[in-house]
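Quick note, our numbering runs 264 ahead of the 1-based positions in the sequence shown.
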Amino acid sequence: MDVKSIIVICDAWEKKFEEQQLLKSNNFSISYERQESSMDIDDSQIPIQ
Numbered sequence: 265m266d267v268k269s270i271i272v273i274c275d276a277w278e279k280k281f282e283e284q285q286l287l288k289s290n291n292f293s294i295s296y297e298r299q300e301s302s303m304d305i306d307d308s309q310i311p312i313q
């Protein structure tokens with residue numbers, strides 16, 4: 265293998281890695297937003313003394 269083909273392979277793997285990282289970060293932020301909204305506290309249920 266010459267240097268050029270190694271660079272092409274590395275570039276392809278780097279793009280795949282970046283796509284996976286982007287997907288993971290998008291999934292994390294979606295699940296984080298979902299958790300945050302499900303943990304909202306409804307103040308109207310707390311009795312006032």
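Idealized CB from N, CA, C, for every residue including glycine. Bear in mind the structure is a predicted one, so any value in this text is a computation, not a measurement.
Three-state class that DSSP yields for residue i in the structure shown
i      : result
Asp275 : helix
Cβ neighbours of residue i in the same chain (closer than 6 angstroms, five flanking residues each side left out)
i      : result
Gln284 : none
Contact test: residue i Cβ vs the ligand FAD heavy atom, cutoff 8 angstroms
i      : result
Ala276 : The model depicted lacks the ligand FAD and carries no ligand whatsoever.
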